[in-house]
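> Sequence lines, in order, name chains A and B. Just so you know, my numbering puts 42 at position 42 of the first sequence, and the rest follows in order with no gaps. Just so you know, my numbering puts 462 at position 242 of the second sequence, and the rest follows in order with no gaps. Just passing along the structure, written as structure tokens.
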Amino acid sequence: MLGEGIMKGLMETAKNFAGSYVSKERLTTVQYPEERVVPAEAARVFPFLVYDGSDWQAGLRCVACQICEKECPPKCIYIDKSADKKPDAVGKVQFYPARFDIDISVCMSCQICVEVCPFEAIKMDTQFELATDDRFGGLLLDREQLAKSNEYYHHIHAAEAGEVDARLAAERAAYEAKAKAAAEAAAAKAAAAKDAPPAPKPPTGAPPSPPAPASDGGVD
Amino acid sequence: MSASNLDQIFILIKNWLVAFLPQFWQPIAGAILGAVAIIAVYPTLFALAVLMERKGLGRMQNRYGPNRVGPFGILQPVADGIKALIKEDVVPFRADAAVHFLAPILLVVVVFMSLAVLPMGRNLVLVDMDSGLLFFFAMGAAVELSVFMAGWSSRNKYSLLGAMRAVAQMISYEVVLLLSSVAVVMISGSLSLVKIVEAQNHYIGILPNWYVFTPWGLAGFVMFVIASTAETNRSPFDLPEGESEIVAGYFTEYSGFKFALFFLGEYVEMFGVAGLGTTLFLGGWTAPLSVLAVVPSWIWFFAKVELWICFFIWMRGTLPRLRQDQLMSFAWKFALPFTLLNLMVTALWRFMGEGWERWVVCSAILIGAYVLMGRVGMHKGQIGPRRYRYAE
Numbered sequence: 001m002l003g004e005g006i007m008k009g010l011m012e013t014a015k016n017f018a019g020s021y022v023s024k025e026r027l028t029t030v031q032y033p034e035e036r037v038v039p040a041e042a043a044r045v046f047p048f049l050v051y052d053g054s055d056w057q058a059g060l061r062c063v064a065c066q067i068c069e070k071e072c073p074p075k076c077i078y079i080d081k082s083a084d085k086k087p088d089a090v091g092k093v094q095f096y097p098a099r100f101d102i103d104i105s106v107c108m109s110c111q112i113c114v115e116v117c118p119f120e121a122i123k124m125d126t127q128f129e130l131a132t133d134d135r136f137g138g139l140l141l142d143r144e145q146l147a148k149s150n151e152y153y154h155h156i157h158a159a160e161a162g163e164v165d166a167r168l169a170a171e172r173a174a175y176e177a178k179a180k181a182a183a184e185a186a187a188a189k190a191a192a193a194k195d196a197p198p199a200p201k202p203p204t205g206a207p208p209s210p211p212a213p214a215s216d217g218g219v220d
Numbered sequence: 221m222s223a224s225n226l227d228q229i230f231i232l233i234k235n236w237l238v239a240f241l242p243q244f245w246q247p248i249a250g251a252i253l254g255a256v257a258i259i260a261v262y263p264t265l266f267a268l269a270v271l272m273e274r275k276g277l278g279r280m281q282n283r284y285g286p287n288r289v290g291p292f293g294i295l296q297p298v299a300d301g302i303k304a305l306i307k308e309d310v311v312p313f314r315a316d317a318a319v320h321f322l323a324p325i326l327l328v329v330v331v332f333m334s335l336a337v338l339p340m341g342r343n344l345v346l347v348d349m350d351s352g353l354l355f356f357f358a359m360g361a362a363v364e365l366s367v368f369m370a371g372w373s374s375r376n377k378y379s380l381l382g383a384m385r386a387v388a389q390m391i392s393y394e395v396v397l398l399l400s401s402v403a404v405v406m407i408s409g410s411l412s413l414v415k416i417v418e419a420q421n422h423y424i425g426i427l428p429n430w431y432v433f434t435p436w437g438l439a440g441f442v443m444f445v446i447a448s449t450a451e452t453n454r455s456p457f458d459l460p461e462g463e464s465e466i467v468a469g470y471f472t473e474y475s476g477f478k479f480a481l482f483f484l485g486e487y488v489e490m491f492g493v494a495g496l497g498t499t500l501f502l503g504g505w506t507a508p509l510s511v512l513a514v515v516p517s518w519i520w521f522f523a524k525v526e527l528w529i530c531f532f533i534w535m536r537g538t539l540p541r542l543r544q545d546q547l548m549s550f551a552w553k554f555a556l557p558f559t560l561l562n563l564m565v566t567a568l569w570r571f572m573g574e575g576w577e578r579w580v581v582c583s584a585i586l587i588g589a590y591v592l593m594g595r596v597g598m599h600k601g602q603i604g605p606r607r608y609r610y611a612e
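Here's what the structure looks like:
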């Protein structure tokens, strides 16, 4: 009969109306500033720089290799290499970024910088409350604003951070073993050179080694 | 204070205030006071209705609705009002500025004027006009003028389309609205809304003698509800302002306070139409049971109007928008013939005299016609559920 469907519809909305006061499951809205949804493991917003230890300047994993700057599709990363060097996460003495800025008003959250970084230095953050009243300076994040501890990284992406830590530990062990072997070889050579003084001088310091296996590029 | 004093409290306050003035000024002051009261009360109800609508619609869609401004969001209308007031008033470069400016004012003026003849309680009517119903419909027709002024003067295709749709729809449904009210006039024998309420103000036992409790009254009431929904451009008849098609219809080019005036006008029109429907079919300010007559009459009037508004909101939360051809077919192929038939049934009711026979005969005719017309119309696909060729 005419009007039957309307009655059915009216009953449905009435059920919704009454039900929303009775059962909490109906109301799926999260009251945002007070209540929050825990971000998903794979959530990503903008990149940040990981540092180890407690001092962000000393522990920054970034070695200013500028691969991310070159790979960035919208060109939102600005890096200046330092003049001096300091030991990196693995222990090698490397450059560090004197300036590392990301313009998050340009960044498109593509994660390519993270994928190309050989040093596990840049990762995706889940922080999304970045609104500011200064759209130029406020959205250009500098080194200090970008630097976040490894503990924070573990907090937001636990599984991924665990893998990264294991890989870095393996690299560090490999590097130390190599350095030790090199030092031993150098010592042996030095001992041999003592026996034969006119031999050419052995190389001092760390022998050059590849920065990291290429397969380590992707972290996810 | 006795119950009858409470019932007449507004009249008593008015008389007390007016008594301070010399004799000559008293009628004018009384009229001004009444108008001020109406202009104060209805925007308050408007704020309440908007809040109710937003919260109610939210609940129907399993959301919370506004709940940020003040406790439970009850101050939301205040925030909305401030926002509307401080917004920039943009007038399109090529618009007809004078008409563009006048349209919202005309709308608000005519909808408030139509409220003057509504009896909102015992003796609580601003103008007891002999032809109050006629006056109300005359003012209702002026709304169309305002809508078309707004649409035409904006120089915007959406505005114009919205205005065209609005005028087509309002004229079509005004016929139904008028004819369904004529049935009441035929029985009560008066165009005065006060007399129409008086005619319904007696009880059979404790049950009220409202017109909606008669076969012709129920049919007229249903048609009146449908036509009044269309007349006030409410969903599912909101084609003139269908957001998904024509932005905001005839008031696309209005912003800030003028937009707020349109919004206010629309809601006050809704109150007016609901008040008229209450007066015609639901016994106006009379109590639903004779024992409840101690409650002040104006409370009953406003309670009925609010219930009517709740029903409008409920419909808005339920029904999707009609298509233009469905709208027109429904008005001309179903609603109009049915109301015409209802007029004949009303005449039959009038002349069959007291007794149970007229109940049987009138109900049978109306139910039979409803079922038959519904079947035929649905079979032909003119009315009833939508059918889309691509969805079959």
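We treat Cβ as the ideally placed atom computed from N, Cα and C, and that holds for glycine. These numbers were taken from a predicted model, which means no experiment stands behind them.
Assuming S410/B and G440/B are in contact, meaning their beta carbons sit under 8 Å apart, how far apart are those beta carbons, in whole angstroms?
So it is not a contact: roughly 16 Å between Cβ atoms.
> Chain A beta carbons: is any one of them nearer than 8 Å to that of T452/B?
T452/B does not count as touching chain A.
> Give me whichever residues DSSP pairs with M124/A in a beta bridge.
Paired residues: P47/A.
> For chain B, check one thing: does any of its Cβ atoms lie closer than 8 Å to the Cβ of M1/A?
Taking Cβ atoms only, chain B reaches closer than 8 Å to M1/A, which makes this a yes.
> How would you call S412/B, buried or exposed, if buried means at least 16 neighbouring beta carbons within 10 angstroms?
Counting Cβ neighbours within 10 Å, S412/B comes out buried, since at least 16 surround it.
> Could you name the residues of the region 537 to 560 of chain B whose beta carbon sits closer than 7 Å to any beta carbon of chain A, in the order they occur along the chain?
Listed in sequence order: G537, T538 and L539.
> For the candidate residues L512/B, L484/B and L542/B, whose alpha-carbon lies nearest to that of P297/B?
Among L512/B, L484/B and L542/B, the Cα nearest to that of P297/B belongs to L484/B.
> Check whether the Cβ of G9/A lies closer than 8 Å to any Cβ atom in chain B.
Answer yes: the Cβ-Cβ gap between G9/A and chain B drops below 8 Å somewhere.
> Helix or strand or just coil, what does DSSP make of F100/A?
Three-state DSSP puts F100/A in a strand.
> Quick check for students: name the residue ranges of the beta strand (DSSP E) that lie wholly in the region 36 to 93 of chain A, counting only runs of 3 or more.
Qualifying beta strand (DSSP E) stretches, in chain order: 47 to 51 and 77 to 81.
> So, does the region 42 to 57 of chain A touch the region 146 to 159 of chain A, judging by three or more C-beta pairs under 8 Å?
Yes, the region 42 to 57 of chain A is in contact with the region 146 to 159 of chain A.
> Quick one: using the 10 Å Cβ neighbour count with 16 as the cut-off for buried, is Y431/B buried or exposed?
Result: buried.
> Between which two residues does the alpha helix (DSSP H) carrying A147/A extend?
No alpha helix (DSSP H) contains A147/A, which is instead part of the beta strand (DSSP E) from A147 to S149.
> With L542/B and L459/B assumed to form a contact (beta carbons below 8 Å), what rounded beta-carbon distance in angstroms separates them?
Contact holds; Cβ gap of about 7 Å.
> Touching or not, the region 377 to 385 of chain B and the region 460 to 471 of chain B, by the rule of three or more beta carbon pairs under 8 Å?
Yes, the region 377 to 385 of chain B is in contact with the region 460 to 471 of chain B.
> In this structure, how does DSSP classify Y32/A when only helix, strand and coil are distinguished?
Residue state, collapsed to three classes: coil.
> Could you tell me which residues DSSP pairs with Y431/B in its beta bridges?
Answer is none; Y431/B lacks a bridge partner.
> Hey, would you say P47/A sits closer than 8 Å to D125/A, going by beta carbons?
The answer is yes: Cβ separation under 8 Å.
> Can you have a look at P213/A and say buried or exposed, based on whether 16 or more other CB atoms are within 10 angstroms of its CB?
Only weak support exists for where P213/A lies, its pLDDT of 48 falling under 50; the value from the coordinates is given anyway. Answer is exposed; the Cβ neighbour count stays below 16.
> Around the Cβ of Q389/B, are there at least 16 other Cβ atoms within 10 angstroms (buried) or fewer (exposed)?
With 16 or more Cβ atoms within 10 Å of its Cβ, Q389/B is classed as buried.
> Among the residues of its own chain, which have a CB less than 6 Å from the CB of F119/A, if the five just before and after it don't count?
So the qualifying residues of the chain are R61 and V63.
> Exposed or buried, what is S464/B when buried is set at 16 or more other beta-carbons lying within 10 Å of its beta-carbon?
The residue in question, S464/B, is exposed, as its Cβ has fewer than 16 Cβ neighbours within 10 Å.
> Return the first residue and the last residue of the alpha helix (DSSP H) that Q296/B is part of.
Here the alpha helix (DSSP H) through Q296/B covers Q296 to I306.
> Anything in chain B within Cβ reach of R36/A, meaning under 9 Å, just list it in chain order.
Simply none; closest approach about 16 Å.
> Mark G5/A as exposed unless 16 or more other C-beta atoms lie within 10 angstroms of its C-beta, in which case mark it buried.
By the 10 Å Cβ count, G5/A comes out exposed.
> Under a three-way DSSP split, which group does L2/A fall into?
In this structure, L2/A counts as coil in the three-state DSSP scheme.
> Taking just the CA atoms, how far does F355/B sit from M349/B?
Spanning the two alpha carbons is a distance of roughly 8 Å.
> Can you tell which of T452/B, T499/B, Y474/B and M490/B has its C-alpha closest to the C-alpha of G437/B?
Out of T452/B, T499/B, Y474/B and M490/B, T499/B has the C-alpha closest to the C-alpha of G437/B.
> For L130/A, name the three-state secondary structure that DSSP assigns.
Coil.
> Taking 8 Å as the threshold (C-beta atoms), are E473/B and S379/B in contact?
Yes. Within cutoff.
> Nearest by alpha-carbon distance to I587/B: which of I294/B, L322/B and N562/B is it?
Ranking the options by Cα distance to I587/B, first place goes to N562/B.
> Under the assumption that L353/B contacts I231/B (Cβ atoms under 8 Å), give the Cβ distance between them as a whole number of angstroms.
Rounded, the Cβ-Cβ distance is 23 Å, inconsistent with contact.
> Can you tell me whether Y423/B is helix, strand or coil according to DSSP?
Note: Y423/B maps to strand in three-state DSSP.
> In angstroms with no decimal places, state the Cα-to-Cα distance between A83/A and F95/A.
So the alpha carbons of these two residues sit roughly 7 Å apart.
> Would you say S20/A lies against chain B (beta-carbon separation less than 8 Å)?
Yes, S20/A lies at the interface with chain B (some Cβ there is under 8 Å from its Cβ).
> Among F482/B, G276/B and L547/B, which one has its Cα closest to the Cα of A450/B?
It is L547/B whose Cα lies nearest to the Cα of A450/B.
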